[in-house]
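One rule links them: number in this note's numbering = place in the sequence shown (from 1) + 2.
Quick notes on the structure that follows.
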Amino acid sequence: MQAGKLRHRITLQHKVNEQDQLTGAVNPEWRDLAMVWADVVPLSAREFIAAQATQGQITTRITIRYRAGLTNDNRIVFRGQIYNIEGVLPDAVSGREYLTLPCSEGVNDG
Numbered sequence: 003m004q005a006g007k008l009r010h011r012i013t014l015q016h017k018v019n020e021q022d023q024l025t026g027a028v029n030p031e032w033r034d035l036a037m038v039w040a041d042v043v044p045l046s047a048r049e050f051i052a053a054q055a056t057q058g059q060i061t062t063r064i065t066i067r068y069r070a071g072l073t074n075d076n077r078i079v080f081r082g083q084i085y086n087i088e089g090v091l092p093d094a095v096s097g098r099e100y101l102t103l104p105c106s107e108g109v110n111d112g
């Protein structure tokens with residue numbers, strides 16, 4: 003992965019459970035984990051059809067530098083759009099250079 007391809011700024015988020023002090027109810031809340039450089043590539047029509055993707059399935063491929071602890075329980079915000087991480091795929095050579103994140107668009111409240 004060439005560093006020049008990582009030209010988009012994305013926000014990684016993780017979910018935390020906050021307890022309301024008045025009611026005692028536990029409410030899930032998304033918090034920013036980190037802002038990182040990424041390569042954000044929408045799937046082409048050919049890839050979309052070949053994958054037999056429907057609404058809510060993988061629509062975008064996001065590549066970032068390797069980051070430990072990232073899972074499909076996290077999500078991404080890019081240009082105001084929320085992307086759900088459907089998987090975390092390490093690079094084929096070392097497994098620690100970059101991560102490819104197949105993502106679907108839409109709100110993920112957990």
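Backbone N, C-alpha and C define an ideal beta-carbon position, used for all residues, glycine too.
Cβ distance (whole Å) where residue i is taken to contact residue j below 8 Å
| i | j | result |
| --- | --- | --- |
| I64 | C105 | 6 Å |
Straight-line gap, residue i to residue j (C-alpha atoms, nearest Å)
| i | j | result |
| --- | --- | --- |
| R11 | N19 | 26 Å |
| L45 | D34 | 26 Å |
| I88 | D41 | Per the sequence shown, the amino acid found at residue 88 is Glu instead of Ile. For E88 and D41, the distance between alpha carbons rounds to 16 Å. |
| N29 | H16 | 14 Å |
| N76 | T62 | 15 Å |
| G6 | S96 | 20 Å |
| G71 | I78 | 14 Å |
| L91 | G82 | 24 Å |
| T73 | L103 | 9 Å |
Close-in-space but distant-in-sequence residues of the same chain around residue i (CB under 8 Å, 5 per side omitted)
| i | result |
| --- | --- |
| R69 | L14, A36, V38, L101 |
Limits of the beta strand (DSSP E) - the one that residue i falls within
| i | result |
| --- | --- |
| L14 | 10 to 21 |
| L45 | From DSSP, L45 is part of no beta strand (DSSP E); its letter is neither H nor E. |
Cβ shell of residue i (< 6 Å), same chain only, five flanking positions each side left out
| i | result |
| --- | --- |
| Q21 | V28 |
| R9 | none |
| W32 | Q15, K17 |
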